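Trainee: Going by my numbering, the first residue of the sequence shown is number 96, and it counts up by one from there.
Positions of the beta carbon are idealized from the N, C-alpha and C atoms, including for glycine.
Keep in mind the model is a prediction, meaning the values are calculated, not measured.
Encoded as structure tokens, here's the structure I'll be asking about.
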Amino acid sequence: MLEIKDLHVVVEEDGTEILKGVNLTINKGEIHAIMGPNGSGKSTLSKVVAGHPAYEVTSGDILFEDESILELDPEERAHLGIFLAFQYPVEVPGVTNKTLLRQAYNTIAKEQGREELDPLEFEDYVEDRLEIVEMKKEFLDRSVNAGFSGGEKKRNEIFQMAVLNPKLSFLDETDSGLDIDALKVVAKGINHLADEDKAVCLVTHYQRILDYIVPDHVHVMLDGKIVKSGDKELAVKLEDKGYDWLTDLASVSV
Ligand code: ADP
Ligand code: MG
Ligand code: MG
């Protein structure tokens with residue numbers, strides 16, 4: 096589904112290199128976790144896949160379903176079925192969650208040749224998706240993220256994912272700032288949505304969420320490169336030993 100090949104990325108503004116040759120393959124039906132210390136480039140990687148304009152790819156390629164997406168803008172990537180939580184504005188006063196989501200849903204549906212939904216049809220459609228994240232219906236009528244607690248924002252992220260039904264989702268630090276109950280709800284939502292046709296990439300500093308979501312593959316990012324990949328045992332080892340034992344690998348070209 097996604098193939099990242101020797102990807103080098105700089106900050107558009109000042110040319111600083113952030114990603115220094117990332118290789119990553121994600122297949123349908125897989126859950127991946129990208130872990131690593133703060134500042135290693137995890138968020139940059141997910142933003143670059145989503146097409147964030149602050150970054151420039153200087154070499155390498157990103158293929159989605161066998162086609163390079165480097166020339167596509169963020170909207171076009173979303174239409175293909177790539178989802179990055181928080182690609183929507185953090186707070187949008189005056190625009191309800193329902194309106195924004197229905198617009199996003201219909202834009203993608205139209206692009207993919209599926210039926211668009213009117214407001215009533217959309218309410219029906221989202222009903223069981225609200226249940227997945229244990230959200231109340233009134234949530235839909237509130238301004239986007241305005242006055243949402245940290246936990247509600249994260250749940251809303253998973254709700255957006257449930258509504259838009261993307262092929263590939265990047266969830267960046269979805270676990271941070273959640274209490275254990277909210278974390279369980281979010282994890283349940285992700286587990287529910289991950290199926291054989293889709294792929295999920297969890298980007299996280301902490302191992303905590305991986306107690307509830309079992310990844311098929313775990314990657315460690317250090318200084319702009321993936322220096323080690325393994326299965327869920329790697330995450331357990333990281334929890335135990337931290338990242339220091341891997342720092343020697345960062346200086347070795349992989
Ligand atoms: P992580 O998510 O692993 O904590 P990031 O991808 O956010 O790491 O950042 C990696 C490094 O790149 C950091 O040193 C960060 O300061 C730098 N960086 C990321 N985006 C920008 C940007 N738009 N402008 C300048 N520096 C950036
Ligand atoms: Mg290289
Ligand atoms: Mg980050």
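Could you tell me the distance, in whole angstroms, from the CA atom of L333 to the CA atom of G189?
Mentor: Counted from its first residue, the sequence shown places residue 333 at position 238. Counted from its first residue, the sequence shown places residue 189 at position 94. The alpha-carbon atoms of L333 and G189 are separated by roughly 43 Å.
Trainee: Measure the beta-carbon distance from D267 to S141 and round it to whole angstroms, keeping in mind my assumption that it falls under 8 Å.
Mentor: Locating residue 267 in the sequence shown gives position 172, counting from the first residue. Locating residue 141 in the sequence shown gives position 46, counting from the first residue. About 5 Å; that satisfies the 8 Å criterion.
Trainee: Please classify E252 as buried or exposed, where buried requires at least 16 other C-beta atoms within 10 Å of its C-beta.
Mentor: The residue you call residue 252 lines up with position 157 of the sequence shown. The residue in question, E252, is buried, as its Cβ has 16 or more Cβ neighbours within 10 Å.
Trainee: Can you give me the start and stop residues for the beta strand (DSSP E) that H103 sits inside?
Mentor: Taking the first residue of the sequence shown as position 1, residue 103 is located at position 8. Taken as a continuous stretch (DSSP letters only), the beta strand (DSSP E) holding H103 covers 97-106.
Trainee: For a test of the three-state rule: what should DSSP assign to V228, helix, strand or coil?
Mentor: The count along the sequence shown starts at 1 and reaches residue 228 at position 133. Coil, per DSSP.
Trainee: Grab me the residues of S348's own chain with a C-beta within less than 7 Å of its C-beta, minus the 5 sequence neighbours each way, in chain order.
Mentor: The residue given as residue 348 occupies position 253 in the sequence shown. A caution first: S348 carries a pLDDT of 47, below 50, which makes its placement in the model unreliable, though a value can still be read off. Cβ neighbours of S348 beyond the five flanking positions: none.
Trainee: By the three-class DSSP mapping on this structure, what secondary structure does I121 have?
Mentor: For the purposes of this step, residue 121 is taken as residue 26 along the sequence shown, with counting starting at 1. Strand at I121.
Trainee: Are the CB atoms of K115 and G155 within a distance shorter than 8 Å?
Mentor: Taking the first residue of the sequence shown as 1, we reach residue 155 at position 60. Taking the first residue of the sequence shown as 1, we reach residue 115 at position 20. Not closer than 8 Å, so no.
Trainee: Between L259 and D270, how many whole angstroms is the CB-CB distance? I'm expecting something under 8 Å.
Mentor: As a position in the sequence shown, residue 259 is number 164, starting the count at 1. As a position in the sequence shown, residue 270 is number 175, starting the count at 1. The Cβ separation is near 20 Å, so there is no contact.
Trainee: For F217, which of M96, P148, E98, N192 has the nearest alpha-carbon?
Mentor: Looking up residue 217 in the sequence shown gives position 122. Residue nearest to F217 within the set M96, P148, E98, N192 is N192 (criterion: CA-CA distance).
Trainee: Considering only heavy atoms of ligand 1 and the C-beta of each residue, which residues fall inside 5 Å, strictly closer?
Mentor: V106, I113, N133, G134, S135, G136, K137, S138, T139, A149
Trainee: Quick check on DSSP: helix, strand or coil for N192?
Mentor: By 1-based counting over the sequence shown, the position of residue 192 is 97. Here N192 sits in helix by DSSP.
Trainee: Under 8 Å by Cβ, that's how I've got R172 and G146 pegged, so tell me the actual separation to the nearest angstrom.
Mentor: Residue mapping note: residue 172 aligns to position 77 of the sequence shown, counting from 1. Residue mapping note: residue 146 aligns to position 51 of the sequence shown, counting from 1. Between G146 and R172 the Cβ distance is about 5 Å, and since that is below 8 Å, they are a contact.
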